[in-house]
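S.K.: Take a look at the following structure, please.
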Ligand code: DP6
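Residue numbers (this note's numbering): -10 to 347.
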């Protein structure tokens, strides 16, 4: 099944070159929470791919007898990231042996603040993976379709949710028995969106920008002996099927009900694991209450979702953008640290910005 990812060189390796790729963050509607080695999800998930929150990564490479890599964030050395990248490159070595024939400089930058509580791992690993596979395409002549699949497969080995960032407007990662072409190894695009979801908005309220008390890796592990894991995994499978129908038929009430329930279930899993923890803050809960009253009064289909943190993602159709921004300005901004929020919209996934070889 993984044969398609084996490295099969047919052209000479470029002596040197530079490739820039960009990849967005994504927000899960049905959540991935729980995994088996190596980075195999215990349930399938689906996400909206974003646009404005993205990572741009440039790799500059030169053939060399001795492999080395250097990592910078906007030109500045970042020793704290080096071991993560090293681990990732080792993990993908069997699939991308060509990397080790070069000296590589990796420079990366995020459009969103590093400490905003928005994970940069999804956009970061997917941008790096796509840049590396672009080089591979030059050597193997692989198809564009296979390039994206392999980039998704490699991204997953860096961070599970990163596998979904390659594709937009929505991507599914994880095998589902009733959804053709789904795989635990990589994500696939899901494009059959009702008009209601075109340009769907995601405004991210930065409630707490502090670094996470519990990493996703530890959170995923806690699902192993979790008392509710079996029910949760089966619920996620059925929510995914329902969510796909909703995305097709445009039923916004059902969209709200599944996505909010998924967000609260994710946090309920954290609160009922051993050890237990709470990542929501008071501002998170106050925001949720305000959203519910606003929706009740205005009938505007504004909903929320959460990732593994305190920030709140407000999801709503483009047509209501002004009303929602007014509501944020009058009622929600008090809960945002430094009054910060980020306006984003569903997007098309990762792409190559430039590639040159010598
Ligand atoms: C709550 O993808 O960050 O955002 O695979 O360990 O890197 P690793 O975890 P990660 O987990 C994301 C969890 C989530 C839900 C989701 O994005 O599906």
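Backbone N, C-alpha and C define an ideal beta-carbon position, used for all residues, glycine too. Treat the numbers as computed from the prediction; the structure is a model and nothing was measured.
For residue 163, which of helix, strand or coil comes out of DSSP?
M.R.: coil
S.K.: Is residue 348 near the ligand DP6, with its Cβ less than 7 Å from a heavy atom?
M.R.: Because the chain here runs from -10 to 347, residue 348 falls outside it and cannot be looked at.
S.K.: Does the Cβ-Cβ distance between residue 38 and residue 149 come in under 8 Å?
M.R.: no
S.K.: With a threshold of 7 Å, establish whether the CB of residue 24 neighbours any heavy atom of the ligand DP6.
M.R.: Result yes, Cβ under 7 Å from the ligand DP6.
S.K.: Taking Cβ to Cβ, would you say residue 155 is nearer than 8 Å to residue 34?
M.R.: Contact flag unset, no.
S.K.: Quick check: the Cα distance between residue 230 and residue 152, rounded to an integer number of angstroms?
M.R.: Between residue 230 and residue 152, the C-alpha separation is close to 20 Å.
S.K.: Using 8 Å as the threshold, is the region 229 to 247 in touch with the region 172 to 187, meaning 3 or more CB pairs across them?
M.R.: When C-beta atoms of the region 229 to 247 are compared with those of the region 172 to 187, three or more pairs fall below 8 Å, so the two segments count as touching.
S.K.: Return the residue from the list 262, 293 and 135 that minimises the CA-CA distance to residue 275.
M.R.: The residue with the shortest Cα to Cα distance from residue 275 is 293.
S.K.: Any idea if residue 139 is buried or exposed, counting beta-carbon neighbours within 10 angstroms, 16 or more meaning buried?
M.R.: buried
S.K.: For residue 78, does the three-state DSSP call read helix, strand or coil?
M.R.: helix
S.K.: Could you tell me which residues DSSP puts in a beta bridge with residue 254?
M.R.: For residue 254, which the question treats as bridged, DSSP gives no partner whatsoever.
S.K.: Check this for me: beta carbons of residue 193 and residue 107, under 8 Å apart or not?
M.R.: yes
S.K.: Tell me whether residue 28, by its Cβ, gets closer than 7 Å to a heavy atom of the ligand DP6.
M.R.: yes
S.K.: Would you call residue 99 buried or exposed, if buried means 16 or more other Cβ atoms sit within 10 Å of its Cβ?
M.R.: Residue 99 is buried by the Cβ-count criterion.
S.K.: Judging by CA-CA distance, which residue of 236, 337, -1 and 312 is the nearest neighbour of residue 181?
M.R.: Of 236, 337, -1 and 312, the residue nearest in Cα terms is 236.
S.K.: DSSP puts residue 193 in a beta bridge; with which residues?
M.R.: 302 and 331
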